[in-house]
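Q: In numbering that gives the first Met the number 0, the protein residues as written are 0 to 341.
Take this structure, written in C-alpha cells, and hold onto it; I'll ask about it next.
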Amino acid sequence: MGKKQTAARTLPHPTEIQAISLDLGNGYCNLMADGGISADWRSVQGRLSDATRFNDLPFDDVINISGVWWAFGAGAYTYAARSLEDFPATNRYFSEWYKRLFTYALHRAYGVRLGEGIFYPRVVLSIPAGIFANEDVVQRVKESLAGDYQIGTTRGSELRVKIEDGNLQIIPEGAGSYIATATQNQIVQSGLWYVGDGGYLTFDVIAFRDGDYAPDLSVSDAAAGMRYVAAAVSRKLHAAAGNEVRPEDIDPYLTCDAITINGRAYPIGEHRATAICQLVERVAGFITRSMSGQNLTGIILTGGGAEVLRTGLEQALVPLTVIVAPNPRRANVLGGFALIGG
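As C-alpha cells, this is what we get:
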C-alpha cells in the first residue's frame, strides 16, 4: 500500500499549460497559451515523402500523426511543396484536415514539454458565427476534436494530450475580439455593436447589445473575405505573366508592390487598390443591409482584413463609429484566452 501511495505522489503532474486559445482560420492560424506562448502560421499542411530525413527537419514545423509525417505552415511550403493541402471551405471544421491542424496546434502549445505524462488542457476554439449558430454542427465539431492525441516529434519523443469534451469550449469568431476590445475601450460595453470579422473567405458579423451576445443578429457574406482581393490580383497576373497562380499563394504577398513570377517582377499595387475598393463597397453594402431596423452604435473591425477595410468603411458608413480591435489579426485568441486563462 505504501509503495502504491509513493508511486502516485511521484507521477508527473498533468499540465502546467492549462489554457489554450485557438483561431484556426481559413488563411492563418493563431494560438495563445499559458506562459506567454503564442504562435501564428499559415493554414496549410503537407504530407512528407518517405525519403525525407526526419531527424534533419525543424522540430516546430513537423509532427507525426498515426505513423505519417506532416509539415505545417512555412515548413509545409519548404518540406512538402509537392503535397500541399489547404482547405479554404466552410465545411472544413469536422474534416480530418482540420483535426490535423488542431493536432499541430497542440504541438505548438506544448513545444518541448515532453515526457511529462498526459496533458489535459482547457481549450477555447473560435469558429465562424454561421457555423456556431447551428448547435448540431458545433456538437459535431466537438466530437471530432475530443479524444486522445499521440503526437510524434522529430526528436523521437511523443507528446500525449487528452481533450475532454467538457474542456473544449467553442465560441463564435468575433467574440474574442469583442472581449479584447471591451477590456481596453469601455465605449463598446454600451449600446449595440457589430463585430465585423474580415477573414480570408468570408466577412462575418456578430452583435453584442450592452455587452451581451445577440445570436439572432449574426450574418455572413460568404464571398467578402480577403480572398476576393487575392483572386482579383491573381487574374491580372495570369493575364500579364501567362502563369496561373492560386489566390492562396498570392495572399501572403499582397502587401508588396510587386510579385515575382519565374524571375520577373510584376507590379500589383494598382490591381490591389482597385480590388480593395470593390471589397469595401461590397462589405459596406452588406453591413448597411444587416443593420436595417437596428439602432446600431458602432462597428468593431477584426481579422486579417481589418486595417485594409478600415478607412473605406469609415467613409462609407458615416456617421457610425468604426474602430479596430487591438491586434486585429490575433484579437480572437487574445479575448478567447481571457475566458479561460485570464
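The C-beta atom is built at its ideal place from N, Cα and C for all residues, glycine as well.
1) Considering only DSSP beta bridges, list what Glu-84 is partnered with.
2) Applying the 10 Å Cβ sphere with the 16-neighbour rule, what's the burial state of Gly-151?
3) Got a sec? Which residues, its chain only, sit under 6 angstroms from Gly-311 by beta carbon, not counting five neighbours each side?
4) Would you say the segment 205-217 touches the segment 233-241, given that touching needs at least three Cβ pairs under 8 angstroms?
5) In its own chain, which residues sit with a C-beta less than 8 angstroms from the C-beta of Glu-313, not counting the 5 before and 5 after it?
6) Could you spell out where the beta strand (DSSP E) holding Leu-316 opens and where it closes?
7) When the distance is taken between beta carbons, is Gly-340 closer than 8 angstroms to Ala-18?
8) With a threshold of 8 angstroms, are at least 3 pairs of Cβ atoms found where one atom belongs to the segment 292-311 and the other to the segment 188-196?
9) In this structure, does DSSP put Arg-208 in helix, strand or coil?
10) Am I right that Asn-331 and Ser-176 are in contact with their C-beta atoms under 8 angstroms? What's the rounded C-beta distance?
11) Ala-231 to Pro-246, Cα distance in whole Å?
12) Would you say the segment 169-185 touches the segment 265-279, given that touching needs at least three Cβ pairs under 8 angstroms?
13) Taking the alpha carbon of Gly-302 as the reference point, which residue from Phe-202, Ser-156, Ser-143, Leu-56 has its own alpha carbon closest?
14) Give me, in chain order, the residues of the same chain whose beta-carbon lies closer than 6 angstroms to that of Asn-29; leave out the 5 immediate sequence neighbours on both sides.
15) Would you identify the three-state DSSP class for Val-323, choosing helix, strand or coil?
16) With DSSP as the reference, please indicate the residues paired to Ala-264 in a beta bridge.
17) Determine the closest residue to Val-323 out of Ala-337, Val-307, Leu-338, with distance taken between C-alpha atoms.
18) State the DSSP-derived secondary structure class of Ile-162, mapped to helix, strand or coil.
19) Look up Asp-215 in the DSSP assignment and say whether it is helix, strand or coil.
20) Following the continuous beta strand (DSSP E) through Gln-168, name the residue where it begins and the one where it ends.
21) Which residue's Cα is closest to the Cα of Val-228: Ala-240, Trp-96, His-270?
22) Short of 6 angstroms in beta carbon distance, which residues of its chain neighbour Gly-195, apart from the five on each side in sequence? Order them along the chain.
23) Looking at the secondary structure, which residues open and close the beta strand (DSSP E) in which Asp-147 lies?
A: So, to answer that:
1) Gln-44
2) buried
3) Only residues of its own chain outside the window of five on either side were considered, and among them Val-279 have a CB closer than 6 angstroms to the CB of Gly-311, listed in chain order.
4) Three or more beta-carbon pairs separated by less than 8 angstroms are not found between the segment 205-217 and the segment 233-241, which leaves the two stretches without contact.
5) Val-321
6) From DSSP, Leu-316 is part of no beta strand (DSSP E); its letter is neither H nor E.
7) yes
8) Yes, the segment 292-311 touches the segment 188-196.
9) strand
10) 5 angstroms
11) 8 angstroms
12) no
13) The shortest CA-to-CA distance from Gly-302 to any of Phe-202, Ser-156, Ser-143, Leu-56 is the one to Phe-202.
14) Asp-22, Asp-39, Arg-329, Val-332
15) strand
16) Thr-259
17) Val-307
18) strand
19) helix
20) 167-171
21) Minimum Cα distance to Val-228 is reached at His-270.
22) Apart from sequence neighbours up to five positions away, the residues of its chain that approach Gly-195 with a beta-carbon distance below 6 angstroms are Val-204, Ile-298, Leu-300, ordered along the chain.
23) 146-151
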